[in-house]
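Shown next, in C-alpha cells, is the structure this report addresses.
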Amino acid sequence: MGLTNNDIFKKLRVAHKLRDDDIVQICALVDFKVTKSELGAIFRKEDHPKYVECGDQFLRNFLNGLIIHLRGPMPGKGEKVKSGE
Numbered sequence: 774m775g776l777t778n779n780d781i782f783k784k785l786r787v788a789h790k791l792r793d794d795d796i797v798q799i800c801a802l803v804d805f806k807v808t809k810s811e812l813g814a815i816f817r818k819e820d821h822p823k824y825v826e827c828g829d830q831f832l833r834n835f836l837n838g839l840i841i842h843l844r845g846p847m848p849g850k851g852e853k854v855k856s857g858e
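Just so you know, we're using our numbering here: the sequence shown kicks off at 774 and counts up by one.
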C-alpha cells in the first residue's frame with residue numbers, strides 16, 4: 774500500500790524539523806486554523822483510538838502554507854521579483 778496523507782505529513786514534519794507551534798503558524802499563513810490537539814490526533818499511530826486521518830484539504834493547506842513559509846509570499850501582479858542583491 775502507498776503512503777497516506779498522514780505518512781506524508783509526518784515525513785514533512787521530520788524533514789523540516791517542525792514542532793506543533795510551527796505547523797500552527799504555517800497553517801495560519803493561508804488562513805487555515807488548526808489546533809495542537811488536532812495535530813496530535815493526526816500524528817498518532819493508526820491503531821490508536823483517537824487517530825484521525827489527514828484529509829486532502831488539510832494537507833493541501835499545510836503545503837500551501839509551507840511554500841509561503843519557505844519562499845515568502847508571491848509578489849502581486851505588476852511587482853518585480855528581486856534578484857539576489
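Backbone N, C-alpha and C fix where the C-beta goes; we use that ideal spot for every residue, glycine too.
| query | result |
| --- | --- |
| Rounded straight-line distance, which links the Cα of F816 to that of K783 | 7 Å |
| Range of the contiguous alpha helix (DSSP H) that encloses R817 | That residue, R817, is in no alpha helix (DSSP H); it is neither H nor E in DSSP. |
| Within the stretch 779-852, ranges of the alpha helix (DSSP H) (whole runs, at least 4 residues) | 793-801, 809-815 and 829-844 |
| Of the residues G851, I840 and G849, the one placed nearest V803, counting alpha carbons only | I840 |
| Alpha-carbon to alpha-carbon, N778 and D793 | 17 Å |
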